[in-house]
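Residue numbers (the working numbering), protein chains in the order written: chain A, 1 to 262; chain B, 263 to 524. Where is the CB? At the ideal position from N, CA and C, for every residue including glycine. Written out below as structure tokens is the structure these notes cover.
Number of protein chains: 2
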Amino acid sequence: MITSTSNAQIKELAKLQKKSRLRDEKGIFLVEGPRMTEEIPAERIEKVYASESFAKKNKEFLEKLQAPVELLTDTVFAYVSDTKTPQGILAIVKRLNYTMNDLMQVKNQKAPHLVVLDNLQDPGNLGTIFRTAEAAGVTGILLSKDCVDVYNPKVIRSTMGAVFRMPFLYVEDLPEKIKELQKESIKTYAAHLRGENAYDEEDYTTGCAFLIGNEGNGLRDEVADCADCLIRIPMEGEAESLNAAVAAAVLMFEAGRQRRKK
Amino acid sequence: MITSTSNAQIKELAKLQKKSRLRDEKGIFLVEGPRMTEEIPAERIEKVYASESFAKKNKEFLEKLQAPVELLTDTVFAYVSDTKTPQGILAIVKRLNYTMNDLMQVKNQKAPHLVVLDNLQDPGNLGTIFRTAEAAGVTGILLSKDCVDVYNPKVIRSTMGAVFRMPFLYVEDLPEKIKELQKESIKTYAAHLRGENAYDEEDYTTGCAFLIGNEGNGLRDEVADCADCLIRIPMEGEAESLNAAVAAAVLMFEAGRQRRKK
Numbered sequence: 001m002i003t004s005t006s007n008a009q010i011k012e013l014a015k016l017q018k019k020s021r022l023r024d025e026k027g028i029f030l031v032e033g034p035r036m037t038e039e040i041p042a043e044r045i046e047k048v049y050a051s052e053s054f055a056k057k058n059k060e061f062l063e064k065l066q067a068p069v070e071l072l073t074d075t076v077f078a079y080v081s082d083t084k085t086p087q088g089i090l091a092i093v094k095r096l097n098y099t100m101n102d103l104m105q106v107k108n109q110k111a112p113h114l115v116v117l118d119n120l121q122d123p124g125n126l127g128t129i130f131r132t133a134e135a136a137g138v139t140g141i142l143l144s145k146d147c148v149d150v151y152n153p154k155v156i157r158s159t160m161g162a163v164f165r166m167p168f169l170y171v172e173d174l175p176e177k178i179k180e181l182q183k184e185s186i187k188t189y190a191a192h193l194r195g196e197n198a199y200d201e202e203d204y205t206t207g208c209a210f211l212i213g214n215e216g217n218g219l220r221d222e223v224a225d226c227a228d229c230l231i232r233i234p235m236e237g238e239a240e241s242l243n244a245a246v247a248a249a250v251l252m253f254e255a256g257r258q259r260r261k262k
Numbered sequence: 263m264i265t266s267t268s269n270a271q272i273k274e275l276a277k278l279q280k281k282s283r284l285r286d287e288k289g290i291f292l293v294e295g296p297r298m299t300e301e302i303p304a305e306r307i308e309k310v311y312a313s314e315s316f317a318k319k320n321k322e323f324l325e326k327l328q329a330p331v332e333l334l335t336d337t338v339f340a341y342v343s344d345t346k347t348p349q350g351i352l353a354i355v356k357r358l359n360y361t362m363n364d365l366m367q368v369k370n371q372k373a374p375h376l377v378v379l380d381n382l383q384d385p386g387n388l389g390t391i392f393r394t395a396e397a398a399g400v401t402g403i404l405l406s407k408d409c410v411d412v413y414n415p416k417v418i419r420s421t422m423g424a425v426f427r428m429p430f431l432y433v434e435d436l437p438e439k440i441k442e443l444q445k446e447s448i449k450t451y452a453a454h455l456r457g458e459n460a461y462d463e464e465d466y467t468t469g470c471a472f473l474i475g476n477e478g479n480g481l482r483d484e485v486a487d488c489a490d491c492l493i494r495i496p497m498e499g500e501a502e503s504l505n506a507a508v509a510a511a512v513l514m515f516e517a518g519r520q521r522r523k524k
């Protein structure tokens, strides 16, 4: 058991918590809490750190993970934890580098169903979109380079585990990538306040991609202009827009609904 | 201009920020930031407090509010603000006491469309549900007594103004209230993992209410048991549940979609 914060491994772990660039370099990310840890595919866990009191109460849980476990005193664990009330377990997880092929992988003979995020900034929104996307049968998520980091701890928590299963890819040039999708017969729909057609008047049973913009400003013009079709979610009252994760959910589940009916 | 934090009005305002019970007693709530302030119906603003530098830059904005404005030095404003980076404007707003009649008020000859929240705890979720509900044409929101406070500053912010327009009511006994709805020919649907029918197989064009449960535990049995119908949102992948605000959004917009088609 590690009892000191000056232990070399602990120093390294503390650095990993603080420096996202170091996590990028090592191709890993950190996951905290038992609920998220049990969602990690076994082959992707590099190492698990558990506090003394967590380990005492959760022997079976730790064995089930089939991963190397290092024990820390509660004080040392609190030192490396990212949260105010540490839950006593933290895992180092290998990243996967997805390709466009992974994002287009269809199950049950359905067509690709993509979500494209332009400059999304709120970690809770991004995590919720991952969680919703998995449930709605989305095959992959594309993100502009300036979206919030998927490996941000708050994003990871909000995905409720979908981050381990949903293929995603950051792209340098979103308009360019949208054109590539179109060449692959993926029809691209931009959720836009100026959209002419209501979202439920389009057919999403063939390959489709939904373009979702930034929380405050919506889609950038150069991205919206690439879309095959601007769609609008009809709104009543004085509401001017929807939360980005909610707008994405309404569209993804409309596609899911149509595909079940087919 | 008020220049000291020992000013009687400032002391009172600081108390109002800290003590929700005092806000309850006075029948008011506090709203911060220009974006939310401009959404407040003029007749409900009791008073506006603006920082010196905000007032200098936003003369027209303050005049447009048609409300009594008190100026504070920036330091005094920072003292009474609830946020880390104060935006320089804060309003005291009168609460409205809604009745069941307000929640059932239909527009455009449509039937009542209610959302019923059981022990919802996350302020961001509650605010997002208000915002989405307004856009989806919901007529009113019922909340169990143990839901998070609608007047929590984080809830208010996430509503993006819908809190000023969406009728809502906290109820002591949710199962009792659900029975009352049923007597009024409102069909009640519980979003439930054990639901038999997919949500898009039901008809929501007549009076309907969607029952949404707590983030971690879903609907309490005694509430779900009252529903006329348990519905399920079909999910793919390994997703076990949806975020509460997302589940509510999918249902509310399905009702909106059906009502537009009718």
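Annotation: the continuous beta strand (DSSP E) that includes B/Phe430 extends over 430–433. For the pair A/Ala67 and A/Ala42, the CB atoms are nearer than the 8 Å cut-off. If only complete runs of 4 or more residues are kept, the segment 149–231 of chain A shows the alpha helix (DSSP H) at 153–159, 174–183, 221–224, in order along the chain. At a cut-off of 8 Å between C-beta atoms, A/Arg131 counts as an interface residue with respect to chain B.
For A/Tyr49, there is no enclosing alpha helix (DSSP H); the residue is part of the beta strand (DSSP E) that begins and ends at 45–51. Note on geometry: alpha-carbon atoms of A/Lys262 and A/Ala198 lie some 20 Å from one another. The C-alpha of B/Val400 is placed about 15 Å away from the C-alpha of B/Leu443. In this structure A/Gly127 is buried. Its beta-carbon is surrounded by 16 or more other beta-carbon atoms within 10 angstroms. Beta-carbon to beta-carbon, B/Ala506 and B/Glu484 are separated by about 18 Å, too far to satisfy the 8 Å threshold.
If you check the CB distance, B/Gly480 and B/Leu513 do not come in under 8 Å.
Boundaries for A/Ile233: no beta strand (DSSP E) harbours it, and the DSSP string shows neither H nor E there. For A/Ile129, the enclosing alpha helix (DSSP H) begins and ends at 123–136. When secondary structure is reduced to three states using DSSP, B/Lys356 falls in the strand class. Taking the C-beta atoms as reference points, B/Ala395 is found no nearer than 8 Å to B/Met366. The C-beta of B/Gly350 has 16 or more other C-beta atoms within 10 Å across all chains shown, which makes the residue buried. Taking 7 Å as the Cβ-Cβ cut-off, the segment 163–177 of chain A approaches chain B at Arg165, given in chain order.
As a beta-bridge residue in DSSP terms, B/Glu294 pairs with B/Leu352. In terms of Cα proximity to A/Thr83, the closest of A/Asn152, A/Lys94, A/Cys147 is A/Asn152.
In this model, B/Lys369 and B/Phe426 are separated by some 17 Å (Cα to Cα). The three-state secondary structure of A/Gly140, taken from DSSP, is strand.
If the five residues before and after B/Val433 are omitted, its C-beta is found closer than 8 Å to the C-beta atoms of Leu404, Leu405, Ser406, Lys407, Lys439, all from its own chain and listed in chain order. For A/Val116, the three-state secondary structure derived from DSSP is strand.
The continuous alpha helix (DSSP H) containing A/Leu103 extends over residues 100–104. Where A/Glu240 is concerned, there is no enclosing alpha helix (DSSP H), because DSSP gives it neither an H nor an E. From the listed residues B/Gln271, B/Thr267, B/Ser266, B/Glu294, the smallest Cα separation to B/Ile418 is found for B/Glu294. Taking a 10 Å sphere around the C-beta of B/Arg283, we find fewer than 16 other C-beta atoms and assign the residue as exposed.
Here B/Ile302 carries a coil assignment [DSSP, helix/strand/coil].
Excluding residues up to 5 positions away in sequence, Gly386, Gly389, Thr390 lie with their Cβ nearer than 6 Å to the Cβ of B/Ser420 in the same chain.
Collapsing the DSSP output to three states places A/Leu13 in a helix. Excluding the 5 residues flanking it on each side, A/Phe210 has same chain C-beta neighbours closer than 6 Å at Val115, Tyr189, Leu251, in chain order. Beta-bridge partners assigned by DSSP to A/Leu71: A/Ala50.
Nearest in C-alpha terms to A/Thr73, of all of A/Lys110, A/Ser4, A/Ala224, A/Glu38, is A/Ser4. Neighbourhood of B/Ala511 in chain A, by CB distance below 7 Å: Val246, Ala249, Val250, in chain order. Judged by their CB atoms, A/Leu174 and A/Asp118 are nearer to each other than the 8 Å cut-off. For a cut-off of 8 Å, the C-beta gap from A/Glu202 to A/Ile233 is around 12 Å, too long to register as a contact. A direct Cα-Cα distance of roughly 53 Å separates A/Lys57 from B/Val310.
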